[in-house]
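Q:
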Amino acid sequence: MHHFDYRDGRLHCEEVDLAKLADQVGTPCYVYSTATLRRHARVIAAAFEGQDCLIAFSVKANSNLAVLATLAEEGCGADVVSGGELQRALRAGIPASKIVFSGVGKTAREMELGLREGIHQFNVESAAELRLLSYVANGLGLQAPIAIRVNPDVAAGGHPNISTGKKGDKFGVPWAEAEDLYAEAATLPGIKVVGVDVHIGSQIGDLVPMRAAFEKVVGLAQRLRAAGHDIARIDVGGGLGIPYKEGDEPPPPSAYAAMIAEVSAGLGVQVILEPGRVIAGNAGVMLTTALYEKAAPDRSFLIVDAGMNDLMRPALYGAHHDIRPLKQAAPDAPEKTYDVVGPICESTDKFAAGRDMPVVAPGDRLAFMSAGAYGAVLSSAYNTRPLVPEVLVNGDRFDIVRRRPDLEEMLQLEQVPDWLKRTD
Ligand code: LLP
């Protein structure tokens, strides 16, 4: 459920007419709905009510400070994968005691930051990382609370580029090595074992692989307890899918929560969740303006002012985003089949191939739906296009929460060395 609907034939985000917003902010731009973010956070919290649970929003999905501050107000923690994300989460008001630090490549400096801030947990992904964390923590006279991320060798079933829990993926510690690494962890100074961590992939549309992974993890937790480890938490990662198009029916949070309650029943652990997409995905859209139509012998290209640098998902994963006109088409309006493309000089700069849509005229505005997760965070300035701005709607107001940099700001980061400067 989200708060992007037509009212009087015009697409609104909550009470805000998106065409008016686009006039003021310019396109392309991202627009997020506060009510949708809050709603999604509450639906998940309600699904897990009665379970000891930390909802650590996966900051990589949408790291805008205003989005994080909204989720902080809802009581969410954060799952971070860099020192930068950690500092964003703190700055947005998420307490360190609700932050978990994941990722395969933490540096000593990032570890130090997490330790000094007193974060809830480090999710350790290799023996080498565990040893470095021990060294850093011991040097600071601090204890690092850790879970080891295990690779359960379960296929998540989604797109291969976002599957992370199969043997051969770079993520987690191989299943067969996990218990030995826990044994080593127990001997290391500065390390305090607190739990087990797993994450098998993203946009998962089926609870079966998740259940298989979590059952393995619960079994492991029991064996670790029997071996004397204090396993007080199970971090189940993120990965719950969302509907991107009609007919998509991912499992609802209530079914997901019930499955986790069942699998972990009697274990007496805190369950840590790292949802990203399920909170932010349908809480955002990207607005664009149609520039030209170009007829090729076998197709019509609709060229829009957003490019793959602004929304990478179609180019990276062949992902589908519904495209809706901001001015609703009449039910009997003529349709046309388009390849919707951007201005970038790459053939993968294509948002949709052979998409049937109501006829679009140059100047018409369109919304790419379900762009709130892995949208703006993945954007770049490729082709010297300024980073796409972000806007947060709340009821009938909207605020630009990341402005579009101007060209001067972009160029200021660069310098031509003196010896290259022309003197004539
Ligand atoms: N926890 C860990 C350790 C993760 O690696 C991820 C996502 C999450 C949680 C959050 O997963 P979610 O609930 O959002 O599925 N860029 C891709 C998705 C990459 C996911 C990376 N890891 C996309 O646009 O589909």
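Per our numbering, the sequence shown starts with residue 1287, numbered consecutively.
Yeah, the Cβ is synthetic: ideal placement off N, Cα and C, and Gly gets one too.
Treat the numbers as computed from the prediction; the structure is a model and nothing was measured.
Considering residue 1701, what are the terminal residues of the alpha helix (DSSP H) in which it resides?
A: Per DSSP, residue 1701 belongs to no alpha helix (DSSP H) and is neither H nor E.
Q: Assign residue 1395 to buried or exposed, taking buried as 16 or more other Cβ atoms, counted over all protein chains shown, within 10 Å of its Cβ.
A: It is exposed - the Cβ of residue 1395 has fewer than 16 other Cβ atoms within 10 Å.
Q: Counting C-beta neighbours from all protein chains within 10 Å, is the total for residue 1670 16 or more, i.e. buried, or is it exposed?
A: Counting Cβ neighbours within 10 Å, residue 1670 comes out exposed, since fewer than 16 surround it.
Q: Indicate, with yes or no, if ligand 1 has a heavy atom lying under 8 Å from the CB of residue 1646.
A: No - ligand 1 has no heavy atom lying nearer than 8 Å to the Cβ of residue 1646.
Q: Consult DSSP for residue 1332 and reduce its assignment to one of helix, strand or coil.
A: The answer is helix: DSSP assigns residue 1332 an H, G or I state.
Q: For ligand 1, I want to know if residue 1374 counts as a neighbour, meaning its beta carbon is within less than 8 Å of at least one of the ligand's heavy atoms.
A: No, the Cβ of residue 1374 stays beyond 8 Å of every heavy atom of ligand 1.
Q: Please report the straight-line C-alpha distance between residue 1612 and residue 1675, rounded to a whole angstrom.
A: In a straight line, the C-alpha of residue 1612 is about 18 Å away from that of residue 1675.
Q: How about the region 1310-1320 and the region 1649-1665: do they share at least three Cβ pairs that are nearer than 8 Å?
A: These segments touch.
Q: Rounded to the nearest angstrom, what separates residue 1433 and residue 1356 at their Cα positions?
A: Taking the straight line joining both Cα atoms gives about 28 Å.
Q: Under 5 Å, CB to any heavy atom of ligand 1. Which residues pass, going along the chain?
A: With the cut-off at 5 Å, the residues found are 1344, 1347, 1388, 1448, 1485, 1488, 1523, 1524, 1525, 1560, 1561, 1562, 1563, 1599 and 1660.
Q: Looking at C-alpha atoms only, which residue of 1627, 1604, 1642 and 1631 is the closest neighbour of residue 1615?
A: Comparing Cα positions, the closest option is 1642.
Q: So does the region 1525-1543 actually touch the region 1454-1472, counting three or more Cβ pairs closer than 8 Å?
A: The answer is no - the region 1454-1472 does not touch the region 1525-1543, with fewer than three Cβ pairs under 8 Å.
Q: Classify residue 1521 as buried or exposed, calling it buried when 16 or more other Cβ atoms lie within 10 Å of its own Cβ.
A: So residue 1521 counts as buried.
Q: Could you give the DSSP three-state label for residue 1629: helix, strand or coil?
A: Coil.
Q: If you drop the 5 nearest sequence neighbours on each side, which residues of the same chain put their C-beta closer than 8 Å to that of residue 1606?
A: For residue 1606, where only same-chain residues beyond five positions count, the Cβ hits under 8 Å are 1530, 1531, 1600 and 1638.
Q: Helix, strand or coil for residue 1424 per DSSP?
A: Three-state result, residue 1424: helix.
Q: Measuring CB atoms only, is the region 1623-1634 touching the region 1584-1593, in the sense that at least three cross pairs come out at less than 8 Å?
A: In short, these stretches touch, since the Cβ pair count reaches three.
Q: Taking the runs of the beta strand (DSSP E) that are 3 residues or longer, which of them lie wholly in the region 1457-1490?
A: Runs of the beta strand (DSSP E) inside the region 1457-1490: 1477-1483.
Q: For residue 1495, count neighbouring C-beta atoms within 10 Å of its own C-beta (all shown protein chains included) and say buried if the count is 16 or more, exposed if not.
A: Residue 1495 is buried by the Cβ-count criterion.
Q: I'd like the list of long-range same chain contacts for residue 1299, defined as Cβ closer than 6 Å, with 5 residues on each side in sequence excluded.
A: Closer than 6 Å at Cβ, skipping near neighbours: 1290, 1317, 1319 and 1679.
Q: Which of the three DSSP states, helix, strand or coil, is assigned to residue 1649?
A: Correct three-state label for residue 1649: coil.
Q: Touching or not, the region 1415-1424 and the region 1487-1507, by the rule of three or more beta carbon pairs under 8 Å?
A: The region 1415-1424 is not in contact with the region 1487-1507.
Q: Check residue 1455 in the structure and name its three-state DSSP category.
A: Note: residue 1455 maps to coil in three-state DSSP.
Q: Does DSSP put residue 1289 in a helix, a strand or coil?
A: Of the three classes helix, strand and coil, the one that applies to residue 1289 here is coil, per DSSP.
Q: Measure from the alpha carbon of residue 1390 to the alpha carbon of each residue in 1698, 1408 and 1378, then state which is nearest.
A: Residue 1390 has its Cα closest to that of 1408, out of 1698, 1408 and 1378.
Q: Cutting at 6 Å between CB atoms, please list the residues of its own chain near residue 1510, excluding the five before and the five after it.
A: The residues are 1468 and 1517.
Q: What ranges does the alpha helix (DSSP H) occupy inside the region 1331-1364, keeping only unbroken runs of at least 4 residues that lie completely in it?
A: Those alpha helix (DSSP H) runs which fall completely within the region 1331-1364 and span 4+ residues are 1351-1359.
Q: Measure the C-alpha to C-alpha separation of residue 1410 and residue 1397 and round it to an integer number of angstroms.
A: For residue 1410 and residue 1397, the distance between alpha carbons rounds to 11 Å.
Q: Which same chain residues end up closer than 8 Å to residue 1650 when comparing Cβ atoms and leaving out the 5 residues on each side of it in sequence?
A: Excluding positions up to five away in sequence, the list reads 1575, 1576, 1611, 1612 and 1613.
Q: If I'm right that residue 1345 touches residue 1382 with Cβ under 8 Å, what's the distance once you round it to whole angstroms?
A: Residue 1345 to residue 1382, Cβ: 14 Å. No contact.
Q: Can you say whether residue 1697 is buried or exposed, counting buried as having 16 or more other CB atoms within 10 angstroms of its CB?
A: With fewer than 16 Cβ atoms within 10 Å of its Cβ, residue 1697 is classed as exposed.
Q: How many angstroms separate the CA atom of residue 1310 from the CA atom of residue 1677?
A: Whole-angstrom Cα-Cα distance: 11 Å.
Q: What did DSSP end up calling residue 1690 once you bin it into helix, strand or coil?
A: The answer is coil: DSSP assigns residue 1690 none of H, G, I, E or B.
Q: Leaving out five residues before and five after residue 1440 in sequence, what residues of the same chain have Cβ atoms less than 6 Å from its Cβ?
A: Once the five neighbours on either side are set aside, the close Cβ partners of residue 1440 are 1451, 1486, 1495, 1498 and 1499.
Q: Does the separation of the CB atoms of residue 1463 and residue 1413 fall below 9 Å?
A: In this structure, residue 1413 lies closer than 9 Å to residue 1463 by Cβ.
Q: Where residue 1598 and residue 1664 are concerned, what is the direct C-alpha to C-alpha distance, given to the nearest angstrom?
A: Roughly 6 Å between the two C-alpha positions.
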